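Peer 1: Quick note, the sequence shown lines up with residues 188 to 617 if you use my numbering. Here it is, the structure in full.
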Amino acid sequence: MSQIFIQTRGTSIDYKFLIKSPSPTWWRDYRDLTSFEDPTLIIENIDGSPRIYLSAIPSERKDRVNTRIRYTLVVEIEKDDHTLDDFVLKLVSTWVNEVGQSSKYKPINSKIGNMLDKHFSEEFVDGFLGLKYPENQNIDELNDKLKNFQQEISKLTKPETIYDNASWWGGIGNEKNRQDWIALVDKLVSNKSYGKALFLNLAAEENDIQDILRDTTGQIICLINGNSDQQQFSVIEKIKIFISKLKHLKSFVVISVCILFVFLITFNLIGFSGNRLSESKVIQYVAKSCKEEKTSANSTPTLPKPETQSTASKTTPNSPKPETQSTAANSTPSLPKPETQSTASKTTPNSPKPETQSTSNSPKPAIPVTKEEIVTTEELAEKLNVSKDELLSEVKKCHESFKTWSKKFEKGTWDFKINGSQLTFKKVNF
188 MSQIFIQTRG TSIDYKFLIK SPSPTWWRDY RDLTSFEDPT LIIENIDGSP
238 RIYLSAIPSE RKDRVNTRIR YTLVVEIEKD DHTLDDFVLK LVSTWVNEVG
288 QSSKYKPINS KIGNMLDKHF SEEFVDGFLG LKYPENQNID ELNDKLKNFQ
338 QEISKLTKPE TIYDNASWWG GIGNEKNRQD WIALVDKLVS NKSYGKALFL
388 NLAAEENDIQ DILRDTTGQI ICLINGNSDQ QQFSVIEKIK IFISKLKHLK
438 SFVVISVCIL FVFLITFNLI GFSGNRLSES KVIQYVAKSC KEEKTSANST
488 PTLPKPETQS TASKTTPNSP KPETQSTAAN STPSLPKPET QSTASKTTPN
538 SPKPETQSTS NSPKPAIPVT KEEIVTTEEL AEKLNVSKDE LLSEVKKCHE
588 SFKTWSKKFE KGTWDFKING SQLTFKKVNF
């Protein structure tokens, strides 16, 4: 809910807000650059909820030592609430022009101050501030007075605004500066832009407002005492502003990275937990596979290479022949599997080998190949900075060579599949 807060004092009771005060007192962030007892204007929109601070609006009332009393107005607008847009724009534009046109930028008389005095008389303020527990009293009268004040402000002329996206600083005594500053206020209050429109009465040059520039997202216009023209921020300050905007993305980036990290971890554990192995487990697996292959090699004949088949076919007539070779003396030798050899023996020497034969005769890969990233022999050889022949030679040595080239490529471990003299590699863990 959007709220309007009024701070003032009575004849003998010191300054405090009527009913309740805003929390937190966010305007205190500017205490080193402005005196709140003198005219100060702070309009911010940094998260979609505009907030306004106007101080030192003069009243005709005086305290018991004959000092002029002041008003401070704070408006906090809830996100997407536009009911106060017109009121705030007219209120702020009237006050900034009164300050800019006054001597030493401290108005003695004010149209806004007179309106406040009209609706918040001395008797009402003294009586209201004198209540021991004002928050427990009926505040309908206070709300009615606030509503009447809003209606009177709304009767003022709405300023014409020309939007500009530039950020700058300049003197409040310059009329064009005030017009452009009011245009930014209009954008901030109506939630068309993020940024800050400020008048800080202790700031005199760009160096005084450097801290504000670093911590601001959006357009910045800072008015200071004097009549100086608009001064664009220096290149260094523009870089600082850009960096500060990036800093505002910090939380978004951190959250995004965390989500991505969780996704990758989940993807790794769920999607590939059955296929991915650590390097030590891969080496153990290869060693076990090599041992099994060596054991089976001593008991089961392996498929001879093409260049040795011609030699095998020239066996002497006196050598004993298996019983199954009687019907196909000239056929190419094959693995001694009884259920397939009778069929193979019926093939002519010139007949092409079945497609399944080359597959069945190929040795099993050390690790089952999955649908992960496949890398050719040439690509892996280039990554390992070795020749293709050297890689082929080392891989065929199996266990010991696997340790060697996996150490060369410490960023990941790789699975390989032997297909004749060609190797293909699967990235297992990278």
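Each residue gets a CB set at the ideal place from its N, CA and C atoms; glycine is no exception. This one's a predicted model, so the numbers in the text were calculated from it and none came from an experiment.
1. Give a yes or no on whether the C-beta atoms belonging to Ser354 and Ile411 are separated by under 8 Å.
2. Taking its Cβ as the centre, do 16 or more other Cβ atoms sit within 10 Å of Thr259, making it buried, or is it exposed?
3. As a quick exercise: from Gln406, Asn378, Ser290, pick the residue whose alpha carbon is nearest that of Ile264.
4. Skipping 5 residues on each side, what residues in its chain have a beta carbon closer than 7 Å to that of Gln406?
5. Hey, quick one: how far does the beta strand (DSSP E) through Val286 stretch, first residue to last?
6. Rounded C-beta distance between Leu228 and Val279? I'm assuming under 8 Å.
7. Buried or exposed: where does Ile452 fall if 16 or more other Cβ atoms within 10 Å of its Cβ makes it buried?
8. Do three or more CB pairs link the region 384-399 to the region 210-221 at distances below 8 Å?
9. Provide the residue(s) that pair with Gly317 in DSSP beta bridges, ordered along the chain.
10. Can you tell which of Ser210, Glu310, Lys249, Cys445 has the C-alpha that lies nearest to the C-alpha of Val261?
11. Can you tell me which of the three DSSP states Lys249 falls into?
12. By the DSSP assignment, the alpha helix (DSSP H) with Gln366 in it spans what residues?
13. State yes or no: is the C-beta of Lys298 within less than 8 Å of the C-beta of Thr270?
14. Is there contact here, the region 355-364 with the region 287-296, by at least three beta-carbon pairs under 8 Å?
15. How close, in whole Å, do the beta carbons of Val275 and Val376 come, if the pair is a contact with beta carbons under 8 Å?
16. Consult DSSP for Asn232 and reduce its assignment to one of helix, strand or coil.
17. Short of 6 Å in beta carbon distance, which residues of its chain neighbour Ser242, apart from the five on each side in sequence? Order them along the chain.
18. Measuring alpha carbon to alpha carbon, tell me which residue in Glu231, Lys277, Trp368 is nearest Gln337.
Peer 2: The answer reads as follows:
1. Contact: no.
2. The residue in question, Thr259, is buried, as its Cβ has 16 or more Cβ neighbours within 10 Å.
3. The option with the nearest alpha carbon to Ile264 is Asn378.
4. Same-chain partners within the cutoff: Asn352, Ser354, Leu371, Ser380, Gly382.
5. For Val286, no beta strand (DSSP E) run applies; the uninterrupted alpha helix (DSSP H) run containing it begins and ends at 272-287, by DSSP.
6. That belief holds up - the Cβ atoms of Leu228 and Val279 are roughly 7 Å apart, short of 8 Å.
7. With a threshold of 16 other beta carbon atoms within 10 Å, Ile452 falls short and is exposed.
8. Yes, the region 384-399 is in contact with the region 210-221.
9. In the DSSP output, where bridge partners are listed per residue, Gly317 has none listed.
10. With distances taken between Cα atoms, Val261 lies closest to Ser210.
11. In the structure shown, Lys249 sits in a strand (DSSP, three-state: E or B).
12. First-last of the alpha helix (DSSP H) with Gln366: 362-376.
13. Taking 8 Å as the cut-off, the Cβ atoms of Lys298 and Thr270 do not count as close.
14. Flag = yes, the region 355-364 and the region 287-296 touch.
15. Right, the Cβ-Cβ distance comes to about 5 Å (below 8 Å), so this counts as a contact.
16. In this structure, DSSP gives Asn232 an extended state, which the three-state scheme calls strand.
17. Excluding residues within five positions, the ones whose Cβ falls inside 6 Å are Phe223, Thr227, Thr259.
18. Closest in alpha carbon position to Gln337, among Glu231, Lys277, Trp368, is Lys277.
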